[in-house]
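Q: The structure that follows is given in the form of structure tokens.
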Amino acid sequence: MRVSELAIAIPVVDRDTSAVAAAQIIARDSRATIVVAGPDGQSLAAISAVDVLRALVPRYIMDDLSLAAVYDERGADEAWHDVPDRTIGDLLNDDESRILDILEVGPDDTLLSVAARMADTRAVIALVKGMPGDTVKFVTLPALLDAVIHVGLGKDSKASTP
Amino acid sequence: MTIQVILALVVFAGAYVFIATEWVSRMTVALVGAGLMIIIGATDDHGVFFSEETGIDWNVIFLLLGMMIIVGILQQSGLFEFLAIWAAKRARGRPFVIMVMLVLITAVLSAFLDNVTTVLLIAPVTLLICERLAVPVVPFLIAEIMSSNIGGTATLIGDPPNIIIASRAGLSFNDFIVNLAPIVAILLIVFVGLCWLLFRKQLRYNPERVERVMALNPREAIRDVTLLVKSLIVIALVLAGFVLHSIVGVGPAIIALLGAGLLVLITKLEPRKIFADVEWETLLFFVGLFIMVGSLVNLGVIEQVGKVAIDAIGDNYFGAATGLLFGSAIVSGIIDNIPYVATMAPLTNDLVQAGGAAAQPLWWALALGADLGGNLTAIGASANVVVLGIAKRAGHPISFWTFTKYGILVTAVTISLSLPYVWLRYFA
């Protein structure tokens, strides 16, 4: 299997996108990461969904986790009304965010080659460069694993699905 | 003046410039400076490790280490958060009353624990309370920083400069309580009045928001009751050891280490949690600093400066105390008060040795000036820098000048009030 068969278009945000808007995309598409484009429109980096979540939790709670327990149910719900007005750019500048480099692969690369490189670099997403047309396409980790299982692991293996 | 002395002075002055400008970490500066002092022959291995006059002050290092371990374990219990929320509820949501209670809690905790840990734990819960009350958090944070610096002045363990002074001067925990706690109590009362003058217009009472504070449950902040009880028992024993130092005949550093050891033993925490809050960089900064200052002592530079100072002062020790009080406040507001006091301590020791009992108040003038001077600017003390960082991350930035305009006023008032105290207490 060639990786171009797995490549899909996914939403790309920019530095000015708010953390709330990014969270909506993540929630809607059940994504583990979100891709950020630079000023030139080229893919710049990927941010983990957990880091987007971290941007939404009031900062003083992140500084002192025990404070989350002192709210009652109503107060805890109200705390979300004051979500900090942070952007993806703020997250990229935050030393505590885990910025993930985007691995670049070619459309003719084999599944094994891309799987090996993603495993080696611990990348959860890869940009497929050189696809026909203008659309920017990516290989995501779930799609890759699905293909791996479909192509090889399911056949004459001892693995069984629960 | 020999080439060696000139080189040592260049190294020392250069290190001060780097520490003040923070171009590189202060630990790196102090250790590189110490290394250069050894290379130029200003000190040697015996002088560094074994000399009381010119070497590393192990009493200071191990007292800090012991207290860092104890405080690091205590802070995992949730006590600080409990106290702050309890205070806000007792004040029934009235902002100024809450501010006063937080100021007093911060000051008392800072007197017995280190200032940075205290503000690091009080600041997030302050943000929570202010968010619940819909009142601006900046006045609260500024007030807490300043009360931390004032409260820390009261005891031997409250502020690192006091630990250095105590070790160099041979002063006990009780000496600090007897000589500094009374003026600190007065300064705190005056500071509360200043808070009312400076911040009252920003602290509007909003009855509709009070319910949101009253709904908070402080008991939930306590993460581990057993750990809290064990920590408080050990801290009580350590403080008793400090107070009874002259009877038990054991120095503060050993008492702190025994307390830390006991707490480690009875809590059975894993090493990662025990040492999580030990600031190794700070301890190594002290090590480098002691070697650099010790080198100047070894070369006779401090003695020469001391002789000049003794000739200039004569027997006018009140004049010297006034100069030390105001001079220390200004210098400590601009550069870190730790290297300043580390340098001034051997010099002050020469003056006190020459003047006897009449010159003893110079130690208290140095402590008051250096500790209270930390409030002068936004970079005057570590607690200031830490809280300004928390405020910025939380979306409530406090600019250098916003802090400093309050700092100049508070420092001017507290230092000016300390002067008549020193005069009435020791010279009148």
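As given, the protein sequences belong to chains A and B, one line each in that order. Going from the first sequence to our numbering is simple: count from 1 and add 4. Going from the second sequence to our numbering is simple: count from 1 and add 186. The beta carbon of each residue, even a glycine, is placed where N, CA and C say it ideally should be.
Can you look up Lys133/A in the DSSP assignment and give me helix, strand or coil?
A: coil
Q: Could you check the C-alpha separation between Ser164/A and Ile153/A for me, to the nearest Å?
A: Because Ser164/A sits at a pLDDT of 49, beneath the cut-off of 50, its placement in the model cannot be relied upon, and the point is left open.
Q: Give a yes or no on whether 7 Å exceeds the smallest Cβ distance from Arg93/A to chain B.
A: Residue identity check: residue 93/A is Gly in the sequence provided, not Arg. So, not an interface residue.
Q: Does the stretch 412–427 of chain B touch the stretch 217–230 of chain B, meaning 3 or more C-beta pairs lie closer than 8 Å?
A: no
Q: Given this structure, state the Cα-to-Cα distance separating Pro393/B from Gly279/B, to the nearest angstrom.
A: 8 Å
Q: Could you list the residues in the stretch 466–485 of chain B with a C-beta less than 8 Å from some C-beta on chain A, going in chain order?
A: none
Q: Quick one, which residues of the stretch 130–144 of chain A are near chain B if we go by CB-CB under 7 Å, in chain order?
A: Going along the stretch 130–144 of chain A in chain order, one finds no residue with a Cβ nearer than 7 Å to chain B.
Q: Using the Cβ count rule (16 or more neighbours within 10 Å means buried), how would you classify Ser161/A?
A: Low confidence applies here, because Ser161/A scores a pLDDT of 49, under 50, leaving its location unreliable and the question unanswered by this model.
Q: Let me know the secondary structure DSSP gives Ala49/A once reduced to three states.
A: strand
Q: Assign Asn502/B to one of two classes, buried (16 or more other C-beta atoms within 10 Å of its C-beta) or exposed (fewer than that).
A: exposed
Q: I believe Leu595/B touches Pro438/B by the beta-carbon criterion, under 8 Å. Please report the beta-carbon distance rounded to the nearest angstrom.
A: That belief does not hold up - the Cβ atoms of Leu595/B and Pro438/B are roughly 34 Å apart, past 8 Å.
Q: Roughly how many angstroms lie between the CA atoms of Pro166/A and Leu148/A, to the nearest whole one?
A: Low per-residue confidence applies at Pro166/A: pLDDT is 49, beneath 50, and the placement is therefore not dependable, though the value from the model is reported in the following sentence. Roughly 20 Å separates the two Cα atoms.
Q: Compare the C-beta of Ala1/A with all C-beta atoms of chain B and state if any pair is closer than 7 Å.
A: What the structure shows of chain A is the stretch from 5 to 166, and residue 1/A is not part of that stretch, so it cannot be assessed.
Q: Hey, does Ser101/A have any beta-carbon neighbour from chain B nearer than 7 Å?
A: no
Q: Straight-line CA distance for Ile363/B to Gly337/B?
A: 11 Å
Q: Does any residue of chain A bring its CB to less than 7 Å from the CB of Asn403/B?
A: yes
Q: Look up Ser22/A in the DSSP assignment and say whether it is helix, strand or coil.
A: strand
Q: Since Asp67/A meets chain B, which of its residues come closer than 7 Å, beta carbon to beta carbon?
A: Among the residues of chain B, those whose CB is under 7 Å from the CB of Asp67/A are Pro310 and Ile576, following chain order.
Q: Which residues, in chain order, does the stretch 256–284 of chain B contribute to contact with chain A at a C-beta distance below 8 Å?
A: Gly264, Glu267 and Ile271
Q: I need the boundaries of the beta strand (DSSP E) containing Ala41/A, first residue and last residue.
A: Where Ala41/A is concerned, the enclosing beta strand (DSSP E) starts and stops at Thr37 to Ala41.
Q: Rank Tyr75/A, Pro43/A, Val155/A and Val118/A by C-alpha distance to the C-alpha of Met400/B and give the top, closest one.
A: Tyr75/A
Q: By how many angstroms is the C-alpha of Leu306/B removed from the C-alpha of Phe589/B?
A: 17 Å
Q: Taking 7 Å as the cut-off, decide whether the C-beta atoms of Ala50/A and Ile30/A are in contact.
A: No, the pair does not count as a contact, with Cβ atoms beyond the cut-off.
Q: In chain order, what residues of the stretch 408–427 of chain B put their CB closer than 7 Å to some CB of chain A?
A: Of all residues in the stretch 408–427 of chain B, those with a C-beta nearer than 7 Å to a C-beta of chain A are Arg409, reading in chain order.
Q: Would you be able to state if there are at least three C-beta pairs under 8 Å between the stretch 192–205 of chain B and the stretch 440–453 of chain B?
A: no
Q: Considering only the alpha carbon of each residue, which of Gly134/A, Glu82/A and Asp105/A lies closest to Ser8/A?
A: Gly134/A
Q: How about Ser22/A: is its C-beta nearer than 7 Å to some C-beta of chain B?
A: no
Q: Compute the beta-carbon to beta-carbon distance between Ile178/B and Val571/B, rounded to the nearest angstrom, for a pair I have assumed lies under 8 Å.
A: Past the boundaries of the shown model lies residue 178/B; chain B is included only from 187 to 614, so the question cannot be answered.
Q: Taking CB distances under 7 Å as the criterion, tell me whether Lys162/A reaches chain B.
A: Only weak support exists for where Lys162/A lies, its pLDDT of 49 falling under 50; the value from the coordinates is given anyway. Cβ-Cβ to chain B under 7 Å: no for Lys162/A.
Q: Buried or exposed for Pro606/B, going by 16 or more other Cβ atoms inside 10 Å?
A: Classification of Pro606/B: exposed, given that the 10 Å Cβ count is below 16.
Q: At the level of alpha carbons, what is the spacing between Leu469/B and Ala277/B?
A: For Leu469/B and Ala277/B, the gap between their C-alpha atoms comes out near 39 Å.
Q: Taking the beta strand (DSSP E) that Val608/B falls in, what are its first and last residues?
A: Per DSSP, Val608/B belongs to no beta strand (DSSP E); it is in the alpha helix (DSSP H), Phe586 to Val608.
Q: Since Lys141/A is in the beta strand (DSSP E), which residue starts that stretch and which ends it?
A: Lys141 to Thr144
Q: Along chain B, in chain order, which residues have C-beta atoms closer than 9 Å to that of Asp81/A?
A: Per Cβ cutoff of 9 Å: no residues; Asp81/A is ~12 Å from chain B at best.
Q: Kindly say whether Leu366/B, judged by its beta-carbon, lies nearer than 7 Å to any beta-carbon of chain A.
A: no
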